[in-house]
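Residues 82 to 229 in the working numbering are what the sequence shown spells out, letter by letter.
Backbone N, C-alpha and C fix where the C-beta goes; we use that ideal spot for every residue, glycine too.
Data first, discussion second: the structure below is written as structure tokens.
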Amino acid sequence: MPWYPKMLEMDVLEEKLLKRKIKPTAVRILILRSMTAFEKAFSLTDLETELETVNKSTIFRTLALFQEQLLIHGIDDGTGSMKYSICHDDCMCRPGESHVHFNCNRCKNTFCLENIAIPPIKLPEKFLLERVNFVIKGLCDRCSPYAP
Ligand SMILES: [Zn+2]
Ligand SMILES: [Zn+2]
């Protein structure tokens, strides 16, 4: 899975923000850096735990801004706690670009399966598609019987 390496360089983080038309303030860079270090989709609580020194409402507002500017995408994995993951640089979060997500029944982690596109869905006449949420439940590669 194409997870980001831990601790990207500052200028890479700054560029990621600028690409999405987000002013790269110190706290936004800090929050983005912590997001890139997760090896799974993260929740607001995960971020709050990682960023103990950052004001909670700042984290909340930054998360909303990042999502609005399509730097991250939200994942409703059916667990009741919203997860987020960083988008590819050229992702515009259009329905045709969405990928499948995977929620592990054992470790409870949620992953982006970025190489698996959501199959096209033919809706009945006069139905209009706005968003697709495709979540597979099962055991991840660390929890399944095939794990090393
Ligand atoms: Zn697992
Ligand atoms: Zn994803």
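Asked, Found
"Could you name the residues of the same chain whose beta carbon sits closer than 8 Å to that of A122, not counting the 5 residues immediately before and after it, in chain order?", "I156, D158, K164, Y165, S166, H182, N190, T191, F192, C193"
"According to DSSP, what are the bridge partners of L194?", "V181"
"Helix, strand or coil: how does DSSP classify I103 here?", "coil"
"Whose beta carbon lies closer than 7 Å to any heavy atom of ligand 2, going through the chain in order?", "A122, H154, I156, S166, H180, H182, C193, E195"
"Is DSSP giving I202 helix, strand or coil here?", "coil"
"Secondary structure at V213, three-state DSSP: helix, strand or coil?", "coil"
"For the alpha helix (DSSP H) that contains S162, what are its first and last residues?", "Note, S162: premise wrong, no alpha helix (DSSP H); not H, not E."
"Look at C168 and H180 and say whether their C-beta atoms are less than 8 Å apart.", "no"
"Restricting to Cα atoms, I'd like to know which of E131, L125, T126, K203 is closest to L58.", "No statement about residue 58 is possible, as the shown extent of the chain runs from 82 to 229 and does not include it."
"From the DSSP secondary-structure annotation, give me the bridge partner or partners of L123.", "Note that residue 123 corresponds to Phe in the displayed sequence, not to Leu. DSSP, once it has assigned bridges, lists Y165 as partnering F123."
"Among I217, E149, L98, M116, which has the Cα closest to the Cα of C174?", "E149"
"Ligand 1 and N190: does the residue's C-beta get closer than 7 Å to at least one heavy atom of that ligand?", "yes"
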